[in-house]
Structures are given as structure tokens and as C-alpha cells.
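J.: Numbered according to UniProt numbering, the sequence shown spans residues 1 to 162.
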Amino acid sequence: MAIFGNIEILKKQIKDTRFSTAFEYLTKVLNEKSEEYKRLKSYNLNAFEKIVLDKNNFALEQTYFSKDREKCFFEAHIKNIDVQFILEGEEIIEVDNIKNLNVYFKYNENMDLIKYGDSNFSSSIKLKKGDIAIFFPDDAHMPCIKINEPIKVIKTVVKVKV
1 MAIFGNIEIL KKQIKDTRFS TAFEYLTKVL NEKSEEYKRL KSYNLNAFEK
51 IVLDKNNFAL EQTYFSKDRE KCFFEAHIKN IDVQFILEGE EIIEVDNIKN
101 LNVYFKYNEN MDLIKYGDSN FSSSIKLKKG DIAIFFPDDA HMPCIKINEP
151 IKVIKTVVKV KV
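Here is the structure:
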């Protein structure tokens with residue numbers, strides 16, 4: 001099931017070397033003097049950029065306004081683990097096991113994406129600046145949900161190869 005917290009706690013808890021590149025990148029993102037931080041902060045609204053980190057990892061750097069839940073959807077991935085990091089803003093991400101949901105949109109191999117119908121029993125994770133949530137292939141997750149009102153979110157999602 002999903003894991004969430006701040007980078008220092010997660011680095012201590014997760015010893016799997018597949019996450020090394022993700023944690024190195026996110027450490028740079030937190031450094032206001034780094035190229036990564038400056039790049040993320042410079043994006044215009046609705047930016048969506050793929051940054052290759054190495055042969056097994058890439059980041060999807062993005063900016064958007066959080067949304068009403070009805071405008072969001074559950075998704076999951078087969079080839080990659082999502083490491084979602086909030087640099088600025090806040091949002092709710094709901095999570096449920098894929099076995100509890102019906103497939104809404106079949107697996108798209110090029111996008112590594114499956115969309116699912118809604119859940120009545122999902123759990124909610126509130127993420128704020130500096131928080132990370134990690135979603136594994138069995139974790140259907142619905143990101144981008146507003147907490148109180150829509151606000152600007154600067155996020156990077158590191159895709160870690162399964």
C-alpha cells in the first residue's frame with residue numbers, strides 16, 4: 001500500500017536501491033540554489049515536462065491548480081512506481097487497491113496508465129509542501145484534489161521502474 005511522509009523519513013525507511021535516484025533528485029529539488037529547484041519554480045501554469053534522470057527513472061515536472069474531486073480520476077501504473085512530491089501548494093490524493101475498483105479505461109502501454117472508476121472506500125492523503133507519496137502498481141490513486149479551494153501546485157512525479 002502507499003507510503004507517505006517527508007523525504008528524510010522515507011529515506012530512512014526505504015532501503016530499496018531502486019529509489020536512490022529518486023531521493024537524490026528530490027534532495028536537489030529541495031535545494032533553492034539547485035538547477036532542479038529553479039527549473040520547477042520557473043514553469044508557467046499547466047507546464048508538464050519529462051526529465052530523464054537515468055535509464056530506470058524519469059520525472060514529470062508539472063504545475064496546475066488543484067481541482068474538484070469530480071474532475072479527477074483513479075489511475076495506476078504497471079511499469080513504474082510513482083513518487084509524487086509537492087514543492088509548492090497542497091492537495092489530496094485518494095488511494096485504494098486496484099482489486100477494489102473497476103477498470104474504466106484499459107491499460108495504455110505507451111502511457112503506462114490504467115484508469116479506474118470511483119471508490120466508496122478509498123483513503124485520503126493530504127500532501128503539503130515537502131511531502132512525498134509513493135504509489136505502487138496495486139495502488140490506484142486519484143491526485144490533484146483540492147483541499148479547500150483550488151490553489152497552484154508545483155509537483156514532480158518520479159517514475160521508478162518496477
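Here a beta-carbon is modelled for each residue, glycine too, at the ideal position from N, C-alpha and C.
Please list, in chain order, all residues of the same chain as Asn46 whose beta carbon is under 7 angstroms from its beta carbon, the five residues on each side excluded.
T.: The count along the sequence shown starts at 1 and reaches residue 46 at position 46. Closer than 7 angstroms at Cβ, skipping near neighbours: Thr63 and Tyr64.
J.: On the criterion of 16 or more Cβ atoms from any shown chain inside 10 Å, does Asp16 qualify as buried, or is it exposed?
T.: As a working mapping, residue 16 is identified with position 16 in the sequence shown. With fewer than 16 Cβ atoms within 10 Å of its Cβ, Asp16 is classed as exposed.
J.: In the segment 54–110, which residue ranges form an unbroken beta strand (DSSP E) of at least 3 residues, counting only runs that do not cross its ends?
T.: DSSP runs (the beta strand (DSSP E)) wholly in the segment 54–110: 57–65, 74–76, 80–88, 90–97 and 103–108.
J.: Are three or more beta carbon pairs between the segment 71–89 and the segment 139–147 nearer than 8 angstroms?
T.: The segment 71–89 vs the segment 139–147: in contact.
J.: Return the chain-ordered list of same chain residues with a C-beta closer than 8 angstroms to the C-beta of Leu127, the five sequence neighbours on each side being excluded.
T.: Here the question's residue 127 lines up with position 127 in the sequence shown. Here the set comprises Phe4, Gln84, Ile86, Glu90, Glu91, Ile92, Ile93 and Ala133.
J.: For Leu45, name the three-state secondary structure that DSSP assigns.
T.: For the purposes of this step, residue 45 is taken as residue 45 along the sequence shown, with counting starting at 1. Residue state, collapsed to three classes: coil.
J.: Hey, how far is the Cα of Lys115 from the Cα of Arg69?
T.: Sequence index remark: in the sequence shown, residue 115 carries index 115 (1-based). Sequence index remark: in the sequence shown, residue 69 carries index 69 (1-based). So the alpha carbons of these two residues sit roughly 15 angstroms apart.
J.: Judging by CA-CA distance, which residue of Ser42, Gly130, Pro150 and Leu101 is the nearest neighbour of residue 163?
T.: Examination of residue 163 is not possible in this model, given that the chain is present from 1 through 162 alone.
J.: Measuring CB to CB, does Glu61 end up less than 8 angstroms from Thr156?
T.: What you label residue 61 is simply residue 61 of the sequence shown in a count that begins at 1. What you label residue 156 is simply residue 156 of the sequence shown in a count that begins at 1. Contact flag set, yes.
J.: Where does residue 167 land, buried or exposed, given buried means 16+ other C-beta within 10 angstroms?
T.: No statement about residue 167 is possible, as the shown extent of the chain runs from 1 to 162 and does not include it.
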